[in-house]
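Structure first, commentary second.
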Amino acid sequence: MQFCWVTIHVHDMEKSLAFYRDIVGLALKRQFSPTPGDQIAFLGSGDTEIELIHNEKNSPAPFSQNISLGFKVESLERTMDILKAHGIPVLAGPFQPNPNVKFFYVHDPNSLRVQFVQDIQ
1 MQFCWVTIHV HDMEKSLAFY RDIVGLALKR QFSPTPGDQI AFLGSGDTEI ELIHNEKNSP
61 APFSQNISLG FKVESLERTM DILKAHGIPV LAGPFQPNPN VKFFYVHDPN SLRVQFVQDI
121 Q
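Note that my numbering has the sequence shown beginning at 1, numbered continuously upward.
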């Protein structure tokens with residue numbers, strides 16, 4: 001079995017694309033409109049993909065604060081600088097629960113918690 005993707009129903013496709021493309025660094029793999037008023041986009045890096053779905057008629061349900069997406073980064077400090085330049089505040093952290101890892105959380109444009117993680121060697 002192989003994990004394929006996670007689906008996120010979004011409020012604003014353009015803001016969500018900008019976040020996952022420009023902040024997280026995922027490439028836009030494909031984008032299409034299967035029916036009028038519906039937009040779907042897949043972004044990814046390697047085997048990791050995110051599916052964004054926007055429907056003009058339906059508002060997405062709010063996300064539980066117990067759910068987050070995690071992305072490994074080379075430098076937490078550089079990532080925090082990029083987020084600050086885009087006006088995205090850090091929600092919680094940074095934390096270092098052990099000598100090998102540091103992380104912090106932000107909200108994506110849909111209020112989904114996103115975790116940025118740095119392995120410490």
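Glycine is no exception: its CB is placed at the ideal position from the N, C-alpha and C atoms.
Being a predicted model, the structure only gives us computed values, none of them experimental.
Where does residue i land, buried or exposed, given buried means 16+ other C-beta within 10 angstroms?
i, result
"Ser-111", "exposed"
"Val-6", "exposed"
"Val-101", "exposed"
"Phe-32", "exposed"
"Phe-116", "buried"
Please report the Cβ distance between residue i and residue j, rounded to the nearest whole angstrom; I am assuming they are in contact, meaning their Cβ atoms lie under 8 Å.
i, j, result
"Leu-26", "Leu-52", "The Cβ separation is near 10 Å, so there is no contact."
"Gln-39", "Ser-75", "So it is not a contact: roughly 33 Å between Cβ atoms."
"Leu-83", "Val-106", "6 Å"
Let's see if you can read the secondary structure: which residues bound the beta strand (DSSP E) around residue i?
i, result
"Ile-40", "38 to 45"
"Ile-8", "6 to 9"
"Ile-53", "48 to 55"
"Ser-16", "Premise fails: Ser-16 lies in the alpha helix (DSSP H), 13 to 18, not in any beta strand (DSSP E)."
Rounded to whole angstroms, what is the Cα-Cα separation between residue i and residue j?
i, j, result
"His-9", "Pro-109", "11 Å"
"Asp-47", "Lys-29", "12 Å"
"Phe-103", "Arg-21", "20 Å"
"Phe-19", "Thr-79", "12 Å"
"Pro-89", "Thr-35", "35 Å"
"Gly-44", "Phe-3", "13 Å"
"Asn-58", "Arg-113", "21 Å"
"Met-13", "His-54", "6 Å"
"Gly-37", "Ala-92", "35 Å"
What is the residue span of the alpha helix (DSSP H) that residue i lies within?
i, result
"Asp-81", "76 to 85"
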